[in-house]
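J.: After the structure tokens below, expect a handful of questions from me.
Number of protein chains: 2
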Amino acid sequence: MAAGADEQPTDRRERPNRRAEIVQAAFELFSERGFRGASLGAVAARVGLTNAGLLHYFSSKEELLTVVLAERDRETREHAERSASEDGSLHATLEQLRAMVAHNAENAGLVQVFTVLAAESVTDGHPAQEFFRGRYARVRSNLAGALARDPDRPLDDDASRTLANLVIAVMDGLQVQWLLAPDEVDMEAAFALLERLLEGASDRSA
Amino acid sequence: MAAGADEQPTDRRERPNRRAEIVQAAFELFSERGFRGASLGAVAARVGLTNAGLLHYFSSKEELLTVVLAERDRETREHAERSASEDGSLHATLEQLRAMVAHNAENAGLVQVFTVLAAESVTDGHPAQEFFRGRYARVRSNLAGALARDPDRPLDDDASRTLANLVIAVMDGLQVQWLLAPDEVDMEAAFALLERLLEGASDRSA
DNA sequence: GTCTATAGTTCGATAGAC
DNA sequence: GTCTATCGAACTATAGAC
Chain A
522 MAAGADEQPT DRRERPNRRA EIVQAAFELF SERGFRGASL GAVAARVGLT
572 NAGLLHYFSS KEELLTVVLA ERDRETREHA ERSASEDGSL HATLEQLRAM
622 VAHNAENAGL VQVFTVLAAE SVTDGHPAQE FFRGRYARVR SNLAGALARD
672 PDRPLDDDAS RTLANLVIAV MDGLQVQWLL APDEVDMEAA FALLERLLEG
722 ASDRSA
Chain L
522 MAAGADEQPT DRRERPNRRA EIVQAAFELF SERGFRGASL GAVAARVGLT
572 NAGLLHYFSS KEELLTVVLA ERDRETREHA ERSASEDGSL HATLEQLRAM
622 VAHNAENAGL VQVFTVLAAE SVTDGHPAQE FFRGRYARVR SNLAGALARD
672 PDRPLDDDAS RTLANLVIAV MDGLQVQWLL APDEVDMEAA FALLERLLEG
722 ASDRSA
């Protein structure tokens, strides 16, 4: 489930440019306008194609969304899951997450596409609903597992799950505030405050 | 700014039903589908009107959104700002917020309309963008003020603002997770964990 | 591989009858 | 106060020429 997922044989390399360009443009437009707010024609125009020209590469708008999400999710996963799995101290896990927060603070487009689409996905019949359900389930489970394995401060399952939900909520919630008011919200500072609270708590009994 | 805001003279009572019904239906549909995903016709149908019939009461879809947001914001504010302002201890403020979290956990529609529209509002040219910017600015400022005034543990401006951003982020971030997986996310439990972390920290030096 | 043309919807909003 | 009718625009997707 977490192993390599390069399914396509080799024809990816035959015409790599167009598909990649389209996915990049779709990423940008879904970020700027959401899925329902971005039109296929706008994506096509951004890569110098017509509506019909784009549909030569992707059979529907929904398929394009699927590819965009899978692509960006893969990159994010490589950037995060790799390291967070093995070295299981609470401190190390939080430091890795803080690095991700810092990285996000320099990539507004990436933050926005996930923030906008995740919230949009809770609406009726949204095509990304299963994607985000699965994504959160996976992230929650991974983080809870890492927290439970902390050698300095083992947590039972329930506590580690609650803590994982809390940490994820902080990251997501900061993003909305930051996207609306980047000058008033310092995501990394707020996350660092959470870290201090958690490491302070682990020094004590509770 | 917080005082009574009943501007309309008396003609509100002449035809109260229709407008209120429409606002209620619009609230539901914006919650279920977002602003861009919900059509005027769908709102109209829900109250037994046609598209044109609805536009007799609201001159545009955007005006309808404005009214829905103002109405719900007023209710939320009455439920929250009233109490959070005076009794300034950290503990009391957090307890009030936790009560709000518990209240939200029983009102999925209310949570969803704000979660979906807030995220949607970060997209280009969204009509609710200024509303949410203002709303967050106000909530941040109120909460930071309350935290700074805590008699047991005064915070400087910077620390109280960062803490306010963190607390708000927790509430918002939990909502997205909860809307997608209500059985796996206990918003009140996660918020209570944050409370324990904060009150633990206030016992120590930091 | 990309286009034009267009089918088939859906939408927001207006005009005007009743 | 609510309707029918309709306009004009935008949208997804298909068919078929080049």
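Residue numbers (our numbering), protein chains in the order written: chain A, 522 to 727; chain L, 522 to 727. Think of the CB as a built atom: it goes at the ideal place given N, C-alpha and C, for glycine as much as any other residue. In this text, all values refer to a predicted model and were calculated from it rather than measured experimentally.
Note down, in chain order, every chain L residue with its Cβ under 7 Å from the Cβ of Phe-653/A.
T.: Here residue 653/A is taken as the residue at index 132 of the first sequence, counted from 1. Within 7 Å Cβ-Cβ: Leu-701.
J.: Would you verify that the beta carbon of Glu-553/L is, or is not, closer than 8 Å to some beta carbon of chain A?
T.: The sequence position of residue 553/L within the second sequence is 32, counting from 1. Judged by the 8 Å Cβ criterion, Glu-553/L is in contact with chain A.
J.: Could you tell me which whole alpha helix (DSSP H) segments of length 4 or greater appear in the segment 560-628 of chain A?
T.: Those alpha helix (DSSP H) runs which fall completely within the segment 560-628 of chain A and span 4+ residues are 561-567, 572-575, 582-605, 611-625.
J.: Can you name the residues of chain L whose CB is closer than 7 Å to the CB of Val-520/A?
T.: Chain A is shown only over 522 to 727; residue 520/A falls outside these bounds and no answer can be derived.
J.: Report all residues from its chain with a CB closer than 6 Å to the CB of Asn-572/L; omit the five preceding and five following residues, and keep chain order.
T.: Counting from 1 along the second sequence, the entry for residue 572/L is found at position 51. So the list reads Leu-561, Gly-562, Ala-565, once near-sequence residues are dropped.
J.: Considering Cα atoms alone, identify which of Phe-548/L, Ala-623/L, Leu-575/L is closest to Val-588/L.
T.: One-based indexing of the second sequence puts residue 588/L at position 67. For Val-588/L, the closest of Phe-548/L, Ala-623/L, Leu-575/L by C-alpha to C-alpha distance is Phe-548/L.
J.: Between Met-692/A and chain L, is there a C-beta pair that is closer than 8 Å?
T.: Taking the first residue of the first sequence as 1, we reach residue 692/A at position 171. Closer than 8 Å: yes.
J.: So, does the CB of Asn-686/A fall closer than 8 Å to a CB anywhere in chain L?
T.: Walking along the first sequence from the start, residue 686/A turns up at place 165. Chain L contact via Cβ: present.
J.: Is the CB of Glu-592/A under 8 Å away from at least one CB in chain L?
T.: Locating residue 592/A in the first sequence gives position 71, where the first residue counts as 1. By this cut-off, Glu-592/A is not an interface position.
J.: With a cut-off of 8 Å, does the C-beta of Gln-545/L fall near any C-beta of chain A?
T.: In the second sequence, residue 545/L corresponds to position 24, counting from 1. Not an interface residue.
J.: Taking the alpha-carbon positions, what's the Glu-596/A to Ala-713/L distance?
T.: As a working note, residue 596/A is residue 75 in the first sequence. As a working note, residue 713/L is residue 192 in the second sequence. Using only the alpha carbons, I get a separation of about 33 Å.
J.: Hey, is Glu-671/A's beta-carbon within less than 8 Å of any beta-carbon in chain L?
T.: Taking the first sequence and counting its residues from 1, the one referred to as residue 671/A is at position 150. Reading off the sequence, residue 671/A comes out as Asp, not Glu. It does not: the Cβ of Asp-671/A has no partner Cβ on chain L nearer than 8 Å.
J.: Considering only their Cβ atoms, is the gap separating Ala-665/A from Val-685/A smaller than 8 Å?
T.: Looking up residue 685/A in the first sequence gives position 164. Looking up residue 665/A in the first sequence gives position 144. A quick correction: the sequence has Ala, not Val, at residue 685/A. Against a cut-off of 8 Å, the Cβ pair of Ala-665/A and Ala-685/A comes out as a contact.
J.: Can you have a look at Gly-555/L and say buried or exposed, based on whether 16 or more other CB atoms are within 10 angstroms of its CB?
T.: Here residue 555/L refers to the residue found at position 34 when the second sequence is read from its first residue. Buried, because 16 or more other Cβ atoms sit within 10 Å of the Cβ of Gly-555/L.
J.: Return the CA-CA distance between Gln-633/L and Leu-700/L, expressed in angstroms with no decimal places.
T.: Your numbering for residue 633/L matches position 112 in the second sequence. Your numbering for residue 700/L matches position 179 in the second sequence. Going by the C-alpha atoms only, they are around 7 Å apart.
J.: Under 6 Å Cβ to Cβ from Ala-623/A, same chain only, skipping five residues before and after it: list those, please.
T.: Translated into the one-based positions of the first sequence, residue 623/A becomes position 102. Hits under 6 Å: Glu-709.
J.: Check whether the Cβ of Glu-641/A lies closer than 8 Å to any Cβ atom in chain L.
T.: By one-based count along the first sequence, residue 641/A stands at place 120. Yes, Glu-641/A lies at the interface with chain L (some Cβ there is under 8 Å from its Cβ).
J.: If we call anything under 8 Å between Cβ atoms a contact, is Ala-649/A one with Leu-575/A?
T.: Mapped onto the first sequence, residue 649/A falls at position 128. Mapped onto the first sequence, residue 575/A falls at position 54. Not a contact, by the Cβ cut-off of 8 Å.
J.: Does any residue of chain L bring its CB to less than 8 Å from the CB of Leu-676/A?
T.: Numbered from its first residue, the first sequence carries residue 676/A at position 155. Judged by the 8 Å Cβ criterion, Leu-676/A is not in contact with chain L.
J.: Look at the Cβ atom of Asp-594/L, then the Cβ atom of Arg-654/L, and state whether they are nearer than 8 Å.
T.: Position 73 of the second sequence, counting from 1, holds the residue named residue 594/L. Position 133 of the second sequence, counting from 1, holds the residue named residue 654/L. Not in contact: Asp-594/L and Arg-654/L (Cβ atoms no closer than 8 Å).
J.: Would DSSP call Arg-674/A helix, strand or coil?
T.: Walking along the first sequence from the start, residue 674/A turns up at place 153. In the structure shown, Arg-674/A sits in coil (DSSP, three-state: anything other than H, G, I, E or B).
J.: Mapping the DSSP letters down to three states, classify Ala-702/L as helix, strand or coil.
T.: Residue mapping note: residue 702/L aligns to position 181 of the second sequence, counting from 1. Coil.
J.: When you compare the CB of Arg-619/L with every CB in chain A, is at least one pair closer than 8 Å?
T.: As a working mapping, residue 619/L is identified with position 98 in the second sequence. Judged by the 8 Å Cβ criterion, Arg-619/L is not in contact with chain A.
J.: Mapping the DSSP letters down to three states, classify Asp-645/A as helix, strand or coil.
T.: Position 124 of the first sequence, counted from the first residue, corresponds to residue 645/A. Of the three classes helix, strand and coil, the one that applies to Asp-645/A here is coil, per DSSP.
J.: Using a Cβ cut-off of 8 Å (strictly closer), state whether Arg-598/L contacts chain A.
T.: For the purposes of this step, residue 598/L is taken as residue 77 along the second sequence, with counting starting at 1. Answer no: the Cβ-Cβ gap between Arg-598/L and chain A never drops below 8 Å.
J.: Show which residues of chain L have a CB atom less than 7 Å away from the CB atom of Ala-711/A.
T.: Within the first sequence, residue 711/A is the residue found at index 190, counting from 1. Those within 7 Å of Ala-711/A in chain L are Thr-683, Asn-686, Leu-687, Ala-690.
J.: Indicate whether Gln-698/A and Ala-690/L have their beta-carbon atoms separated by less than 8 Å.
T.: For the purposes of this step, residue 698/A is taken as the residue at position 177 of the first sequence. For the purposes of this step, residue 690/L is taken as the residue at position 169 of the second sequence. In this structure, Ala-690/L lies closer than 8 Å to Gln-698/A by Cβ.
J.: Mind reading off the beta-carbon distance from Val-637/L to Val-643/A? Whole number of angstroms is fine, and I expect it under 8 Å.
T.: Translated into the one-based positions of the second sequence, residue 637/L becomes position 116. Translated into the one-based positions of the first sequence, residue 643/A becomes position 122. Yes, they are in contact, since the Cβ atoms of Val-637/L and Val-643/A sit about 6 Å apart, within 8 Å.
J.: In terms of alpha-carbon separation, which member of Ala-629/L, Leu-687/L, Phe-579/L lies closest to Ser-662/L?
T.: Walking along the second sequence from the start, residue 662/L turns up at place 141. When only C-alpha atoms are compared, the closest one is Leu-687/L.
J.: What residues from chain L crowd round Ala-567/A, counting only those whose CB sits closer than 7 Å?
T.: Sequence index remark: in the first sequence, residue 567/A carries index 46 (1-based). In the sequence as presented, Ala is not what sits at residue 567/A; that position holds Arg. Neighbours of Arg-567/A on chain L: none; closest Cβ ~14 Å, over 7 Å.
J.: Is Leu-664/A near the ligand COA, in the sense that its beta carbon is under 7 Å from a heavy atom of that ligand?
T.: Of ligands this structure carries none, so the ligand COA is not represented either.
J.: Measure from the alpha carbon of Asp-693/L to the alpha carbon of each residue in Arg-567/L, Val-660/L, Glu-651/L, Ala-669/L, then state which is nearest.
T.: Here residue 693/L refers to the residue found at position 172 of the second sequence. Checking every option, the nearest Cα to that of Asp-693/L belongs to Val-660/L.
J.: Could you check whether the Cβ of Arg-659/A sits closer than 8 Å to any Cβ belonging to chain L?
T.: In the first sequence, the residue the question calls residue 659/A occupies position 138. It does not; no Cβ of chain L falls within 8 Å.
J.: Applying a beta-carbon distance threshold of less than 8 Å, which residues of chain L neighbour Leu-719/A?
T.: As a first step, residue 719/A must be located in the first sequence, where it is residue number 198. For the C-beta of Leu-719/A, the chain L residues within less than 8 Å are, from N- to C-terminus, Leu-718.
J.: Are any of the Cβ atoms in chain L nearer than 8 Å to that of Leu-695/A?
T.: Here the question's residue 695/A lines up with position 174 in the first sequence. Residue-level contact by beta carbon holds for Leu-695/A and chain L, with a gap shorter than 8 Å.
J.: Thinking Ser-580/A and Asp-673/A are a contact (beta carbons under 8 Å), I'd like their distance in whole angstroms, please.
T.: Here residue 580/A refers to the residue found at position 59 when the first sequence is read from its first residue. Here residue 673/A refers to the residue found at position 152 when the first sequence is read from its first residue. No, Ser-580/A and Asp-673/A are not in contact; Cβ-Cβ is about 52 Å, not under 8 Å.
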